[in-house]
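Participant:
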Amino acid sequence: MKGDDLRVTNPEKYIQCMTGHRCWICGNANKKEKVFITDIQSALTGNSVEPPGHMDCTIYALKVCPYLLLPKTKRRSAALEVYVEEDSPALNEKNPGIFVMTSVKKFKFEKIPGNERYKWARWEEKNILSQSLWSEGATLDTNSKGKLDHALLIGHL
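Take 1 as the starting number for the sequence shown in the working numbering and just add one per residue.
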């Protein structure tokens with residue numbers, strides 16, 4: 001397959017997006033929208049190892065990224081060691097199949113325990129503007145205007 005290797009995360013771009021208010025997906029300025037794609041466990045605990053994106057970019061990613069779109073997709077790690085540092089929090093081979101899109105008013109970046117290079121975004125439940133469950137490029141719920149019930153999220157674990 002020609003083109004960019006979507007498995008590769010550029011550490012410099014990661015830091016630019018974290019510190020420069022840039023969309024993690026398109027790289028453009030992003031001071032207003034704070035939308036994260038996480039697994040259910042991360043949504044329950046209010047954290048993401050990736051910076052936020054624009055709403056439109058996040059929805060686009062949920063519809064076209066092979067890892068987010070296809071639940072049986074496994075992360076191919078062949079030749080990945082060349083590109084990704086061992087301490088990258090992105091090294092998760094298990095595809096959860098169901099993702100949570102969370103829009104928040106505000107969040108903060110904090111150090112990941114035991115990891116000096118990367119940080120994670122953390123938000124409190126009171127700062128959630130909206131959440132929705134996604135699988136195979138489509139929403140699984142009709143509650144995109146509010147917070148998801150934690151019992152619903154736990155039921156999908």
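Ideal Cβ placement from N, Cα and C applies to all residues, glycine included.
Just the C-alpha distance for residue 27 and residue 123, rounded to the nearest angstrom, thanks.
Facilitator: So the two alpha carbons sit approximately 22 Å from each other.
Participant: Would you call residue 51 buried or exposed, if buried means 16 or more other Cβ atoms sit within 10 Å of its Cβ?
Facilitator: Buried.
Participant: Is residue 125 helix, strand or coil when you go by DSSP?
Facilitator: It is helical.
Participant: According to DSSP, simplified to helix, strand and coil, what is residue 110?
Facilitator: If DSSP states are grouped into helix, strand and coil, residue 110 belongs with the strands.
Participant: Can you give the beta carbon distance from residue 58 to residue 101, rounded, assuming they're within the 8 Å contact cut?
Facilitator: Sure, about 6 Å apart at Cβ, within 8 Å.
Participant: Would you kindly work out how many angstroms separate the C-alpha atoms of residue 159 and residue 25, rounded to a whole number?
Facilitator: Summary: the structure shown does not reach residue 159, with the chain confined to residues 1 through 157, and so no result is reported for it.
Participant: Rounding to the nearest angstrom, what Cα-Cα distance links residue 128 and residue 22 in this structure?
Facilitator: Cα to Cα, residue 128 sits roughly 20 Å from residue 22.
Participant: Along the chain, where does the alpha helix (DSSP H) containing residue 35 start, and where does it finish?
Facilitator: Looking at the DSSP string, residue 35 is not in any alpha helix (DSSP H); the run it does join, the beta strand (DSSP E), is 35-38.
Participant: Tell me which residue opens and which closes the alpha helix (DSSP H) that residue 64 is part of.
Facilitator: Segment 55-64, the alpha helix (DSSP H) holding residue 64.
Participant: Taking just the CA atoms, how far does residue 69 sit from residue 137?
Facilitator: Cα to Cα, residue 137 sits roughly 5 Å from residue 69.
Participant: Since residue 133 sits in a beta bridge, which residues does DSSP pair it with?
Facilitator: For residue 133, which the question treats as bridged, DSSP gives the partners 100.
Participant: Out of 109, 126, 125, which one is the CA nearest neighbour of residue 16?
Facilitator: With distances taken between Cα atoms, residue 16 lies closest to 109.
Participant: Hey, quick one: how far does the alpha helix (DSSP H) through residue 13 stretch, first residue to last?
Facilitator: Element bounds for residue 13: 11-19.
Participant: Which one of 40, 119, 43, 30 has the shortest CA to CA distance from residue 12?
Facilitator: With distances taken between Cα atoms, residue 12 lies closest to 119.
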